[in-house]
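S.K.: Provided herewith is a single structure, encoded as structure tokens, for subsequent inquiry.
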Amino acid sequence: LRGKYLEQIGAAPDADALETVRLAALGKKGEISLKMRELGQMSAEERLIAGPALNALKTEVDAALKARKAALEDAALDARLKSEWLDVTLPGRPRPMGTIHPISQVMDELTAIFADMGFAVAEGPQIESDWYNFDALNIAPEHPSRQEMDTFYLHRAAGDNRPPHVLRTHTSPVQIRAMQAQGAPIRVIAPGRVYRMDMDQTHTPMFHQVEGLAIDRDISMAQLKWTLEEFCRAFFEVDEVELRFRASHFPFTEPSAEVDIRCSWEGGQLKIGEGKDWLEILGSGMVHPHVLRAGGINPDEWQGFAFGMGIDRIAMLKYGIPDLRAFFESDLRWLRHYGFTS
Ligand code: PHE
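Sequential numbering of the sequence shown, starting at 7, is according to the UniProt record's numbering.
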């Protein structure tokens with residue numbers, strides 16, 4: 007019996023065959039099981055001999071079954087590993103990869119720089135009512151800047167009584183929304199898309215601005231200057247920057263200043279930070295009391311500075327991109343050249 011089963015177990019080619027052997031030997035009606043049942047009818051002396059022998063046989067056959075099962079499983083695994091192997095030394099197949107658009111890159115950079123100075127990001131809609139885009143910013147209905155900005159007005163059908171809406175011409179309406187939403191004090195920047203009817207090498211009908219707004223009890227122009235200098239140092243990655251504030255006019259700030267940065271153009275190569283040239287980079291000023299009031303903030307208690315800067319423009323300056331229009335042409339060669347891989 008022992009020889010027969012051990013041989014059958016050793017020869018079982020797979021798990022099914024092994025199970026058949028197990029049933030024949032140790033199953034309910036298996037040969038060894040039946041023999042063990044017969045012990046009951048034996049005399050005491052017979053049982054004393056046959057009992058331990060049968061038990062030992064059962065244990066041995068059981069162990070042989072388990073060992074064979076494990077061996078079969080190992081063999082199956084080996085076979086699978088051989089058929090499914092992977093050559094990790096083969097070179098990878100390159101996949102086409104996108105790049106991060108310079109505008110997105112610059113938005114991330116400036117958001118991080120202003121975040122370090124305590125500015126949160128605020129947002130507003132690109133389709134804006136003319137109240138937010140103009141009136142609340144102290145731009146009167148007949149004010150020339152409504153034309154200067156070459157505004158895109160949204161068409162209203164006859165009988166549509168909703169207030170006129172525009173594609174926002176600047177990010178300044180987000181100032182009003184931030185004031186209304188959070189009250190004073192405020193420190194926010196608002197990067198986003200803006201629209202004006204204009205198209206040449208330095209103008210596209212859609213472009214990007216970042217607005218800055220700081221409101222507190224004693225905000226001053228000196229803080230505006232420091233904030234902008236710190237930003238330019240970090241953004242253009244230069245140790246020293248020099249900014250020139252030129253008196254200007256915006257309806258929503260008083261006083262107002264346009265800000266130039268010192269630079270040089272040597273051999274057509276722009277260098278920020280030193281040189282004898284100046285480059286205009288933004289508009290700014292102290293928030294006009296009318297604007298604070300439109301935002302629900304008391305101008306007798308609070309004051310603040312605001313600025314607006316062209317993102318496309320500073321991206322062109324930092325990364326030496328010559329033509330603004332190329333930003334929006336989705337030319338893959340251009341995107342690969344000027345885009346960023348993260
Ligand atoms: N909104 C102005 C523009 O688009 C920029 C600006 C913002 C100026 C905030 C002053 C203060 O030109």
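Beta carbons are placed, not taken as given, at the ideal position from N, Cα and C, and that holds for glycine.
These numbers were taken from a predicted model, which means no experiment stands behind them.
Taking DSSP as the reference, what is the three-state secondary structure of V265?
M.R.: If DSSP states are grouped into helix, strand and coil, V265 belongs with the strands.
S.K.: Cβ-heavy atom distance between F120 and the ligand PHE below 6 Å?
M.R.: Checking every heavy atom of the ligand PHE against the Cβ of F120, none is found closer than 6 Å.
S.K.: Looking at C-beta atoms only, is the number of pairs between the segment 197 to 210 and the segment 241 to 250 that lie closer than 8 Å three or more?
M.R.: Touching, no.
S.K.: CB-CB under 7 Å to E260, same chain, minus the five flanking residues each way: which ones, in chain order?
M.R.: If we look at E260 and ignore the five residues flanking it on each side, its Cβ neighbours are G291, M292, H294.
S.K.: Hey, would you say G316 sits closer than 7 Å to Q181, going by beta carbons?
M.R.: Not closer than 7 Å, so no.
S.K.: One question on the structure: do V247 and E264 come within less than 7 Å of each other, judged by their Cβ atoms?
M.R.: Result no, Cβ atoms of V247 and E264 do not sit closer than 7 Å.
S.K.: Can you find a heavy atom of the ligand PHE that lies under 6 Å from the Cβ of H294?
M.R.: Flag unset: Cβ of H294 not near the ligand PHE.
S.K.: Comparing C-alpha positions only, which one of P191, P197, P328 sits nearest to A118?
M.R.: For A118, the nearest C-alpha among the options comes from P197.
S.K.: By Cβ distance below 8 Å, which residues in the same chain neighbour E307 in space, the five residues on each side in sequence not counted?
M.R.: So the list reads A190, R223, once near-sequence residues are dropped.
S.K.: Within its chain, find whatever has a CB closer than 8 Å to the CB of D329; leave out the 5 residues flanking it on each side and keep chain order.
M.R.: Only Q207 meet the Cβ criterion.
S.K.: Count the other C-beta atoms from every protein chain shown that fall within 10 angstroms of the C-beta of T65, then say buried if there are 16 or more, exposed otherwise.
M.R.: Result: exposed.
S.K.: By alpha-carbon positions, which one of A300, K75, C269 ends up nearest to K324?
M.R.: Among A300, K75, C269, the Cα nearest to that of K324 is on C269.
S.K.: Can you determine whether any heavy atom of the ligand PHE sits closer than 6 Å to the C-beta of A312, and answer yes or no?
M.R.: Flag set: Cβ of A312 near the ligand PHE.
S.K.: With distances taken Cα to Cα, identify the nearest neighbour of D156 among P108, M212, Q188.
M.R.: Ranking the options by Cα distance to D156, first place goes to M212.
S.K.: Which of helix, strand or coil does DSSP assign to F237?
M.R.: Helix, per DSSP.
S.K.: Hey, could you find the ends of the alpha helix (DSSP H) M48 is sitting in?
M.R.: Element bounds for M48: n/a, residue is neither H nor E.
S.K.: Let me confirm a value: Q309 is counted as buried when at least 16 other C-beta atoms fall within 10 Å, else exposed. Which label applies?
M.R.: Flag for Q309 reads buried.
S.K.: Return the CA-CA distance between A312 and A300, expressed in angstroms with no decimal places.
M.R.: Cα-Cα distance, rounded: 15 Å.
S.K.: Are the Cβ atoms of N139 and R174 separated by less than 7 Å?
M.R.: Closer than 7 Å, so yes.
S.K.: Please classify residue 4: does DSSP put it in a helix, a strand, or coil?
M.R.: The requested residue 4 does not occur in the structure, where the chain is confined to residues 7 to 348.
S.K.: When every heavy atom of the ligand PHE is checked, does at least one fall within less than 6 Å of the C-beta of S178?
M.R.: At least one heavy atom of the ligand PHE is nearer than 6 Å to the Cβ of S178, so yes.
S.K.: Is any non-hydrogen atom of the ligand PHE found closer than 6 Å to the C-beta of F125, if you look at the structure I gave you?
M.R.: Result no, Cβ not under 6 Å from the ligand PHE.
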